[in-house]
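Trainee:
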Amino acid sequence: MEEETYYSVRMRASRNAPHEQGGKHISGGERLITYSGIQEAVNGLLHKGFSHSRGTPDFMQIQLESVNEPIKTIRPLPITVHQTDTAEKGQAIARTLLQKAGIPPRMIEKAYQSIAEYGEARGAVLFDIRTGKRIDGRRERGVRVSRVDWPAHDFQKWAFEHNMPENSRIKEAHAIAAKVCAHPGIIAEVCWSDDPDYITGYVAAKKLGYQRITKMKNDGDECGCRIFFSDGITDTQSCIHFLEKQPVFIQREGNI
Ligand code: PML
Ligand code: MG
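Note that this note's numbering has the sequence shown beginning at 28, numbered continuously upward.
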């Protein structure tokens, strides 16, 4: 039987100029689908970019590439929810969870001291917990986790079983967290959105699963953050290559 070709579709949208010319980041999105899914994916990404609380973009790029490498299958992380009523309490829970994941408190402190700078990156920051330094070398671009998707039927079942809303934000956050935690050199991730109307974030770790924290910042705040904590990565480029280029499907059941 002929293998079906998969395509990576990526969208990025900004305002005032393209990102690389200093425009404000509005939205981004990723899909990994077959030919028959391209139309729906492009429409969905177009809609996502143009219905954003960070503003209306005047630059958008939608890029399509065929994927030739075999697709790896990864299980979603187990989920725990922490209900918080203030950003301070939410951030305190996040720090405690990062410590439980194995990050020394002084390294958590060090990362948090640079949150304002790290939040400026469009993608994620890779932070080495042995040296306390950012190691991705990507400046304002950061690392963009790509080529990851969660096929609709499997995600819908998962959302139903876990009593979670069936929306693309939840799907993408869980897919990214599962891919990131699957890298042997990354021990945890912390993330909260840069969208002013979205205050929920999470800590994810191999040891802890996806720990959802319902309030990590105040309403209206456009400062988000995504940090991957690495421990003992010797080849940073291969880690970034995995995050950006390794095709991955999230799958809750069936053979892997
Ligand atoms: C984002 O919107 O960029 C990240 C959202 C993270 C939280 C998703 C959730 O569990 O609600
Ligand atoms: Mg956003």
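Here a beta-carbon is modelled for each residue, glycine too, at the ideal position from N, C-alpha and C. Since this is a predicted model, take the numbers as computed values, not measurements.
(1) Please work out which residues of its chain come closer than 6 Å, Cβ to Cβ, to G247, disregarding the five sequence neighbours upstream and downstream, and give them in chain order.
(2) Regarding R37 and the ligand MG, is the C-beta to nearest heavy atom distance less than 8 Å?
(3) Would the C-beta of C218 count as close to the ligand PML, meaning under 8 Å from any of its heavy atoms?
(4) Quick test of your reading: T285 and K242, contact by CB under 8 Å. State the CB separation rounded to the nearest angstrom.
(5) Buried or exposed for A200, going by 16 or more other Cβ atoms inside 10 Å?
(6) Measure the CB-CB distance between E92 and V172 and report whether it falls below 9 Å.
(7) Taking DSSP as the reference, what is the three-state secondary structure of H268?
(8) Candidates I267, P274, N43 and I260: which alpha carbon is nearest R165's?
(9) Note down, one range per segment and in chain order, each beta strand (DSSP E) of at least 3 residues found wholly within the segment 145-180.
(10) Pull up the distance between the alpha-carbon of R161 and that of F255, whole angstroms please.
(11) Taking the alpha-carbon positions, what's the K198 to I98 distance?
(12) Just to confirm my understanding: we take K137, look at its own chain, exclude 5 residues before and 5 after, and list those with CB closer than 6 Å. What are they?
(13) In chain order, what residues of the same chain have a beta carbon less than 8 Å from the beta carbon of L104, not counting five sequence neighbours either side?
(14) So does the segment 59-75 actually touch the segment 114-128, counting three or more Cβ pairs closer than 8 Å?
(15) So what's G64 in DSSP terms, helix, strand or just coil?
(16) Go ahead and pull the three-state DSSP assignment for M134.
Mentor: Short version:
(1) In the sequence shown, the residue the question calls residue 247 occupies position 220. For G247, where only same-chain residues beyond five positions count, the Cβ hits under 6 Å are P223.
(2) Translated into positions along the sequence shown, residue 37 becomes position 10. No, the ligand MG has no heavy atom inside 8 Å of this Cβ.
(3) If you number the sequence shown from 1, residue 218 lands on position 191. Under cutoff, so the answer is yes.
(4) No information on residue 285 is available, as it lies outside the stretch 28 to 283 that the chain covers here.
(5) Mapped onto the sequence shown, residue 200 falls at position 173. Buried.
(6) If you number the sequence shown from 1, residue 92 lands on position 65. If you number the sequence shown from 1, residue 172 lands on position 145. Cβ distance not < 9 Å, so E92 and V172 don't count as in contact.
(7) Here the question's residue 268 lines up with position 241 in the sequence shown. In the three-state DSSP reduction, H268 falls in the helix class (H, G or I).
(8) On the sequence shown, residue 165 is found 138 positions in, with the first residue counted as 1. R165 has its Cα closest to that of I267, out of I267, P274, N43 and I260.
(9) The qualifying runs are 152-155.
(10) The count along the sequence shown starts at 1 and reaches residue 161 at position 134. The count along the sequence shown starts at 1 and reaches residue 255 at position 228. Our two residues, R161 and F255, have alpha carbons roughly 10 Å apart in a direct line.
(11) Residue mapping note: residue 198 aligns to position 171 of the sequence shown, counting from 1. Residue mapping note: residue 98 aligns to position 71 of the sequence shown, counting from 1. In a straight line, the C-alpha of K198 is about 18 Å away from that of I98.
(12) Here residue 137 is taken as the residue at index 110 of the sequence shown, counted from 1. Excluding positions up to five away in sequence, the list reads G159.
(13) As a first step, residue 104 must be located in the sequence shown, where it is residue number 77. Cβ neighbours of L104 beyond the five flanking positions: H201, A204, A205, C208, A231, G236 and Y237.
(14) Counting Cβ pairs under 8 Å, fewer than three are found: no touch.
(15) Mapped onto the sequence shown, residue 64 falls at position 37. The answer is helix: DSSP assigns G64 an H, G or I state.
(16) The residue labelled residue 134 in the question sits at position 107 within the sequence shown. When DSSP states are grouped into helix, strand and coil, M134 belongs to the helix group.
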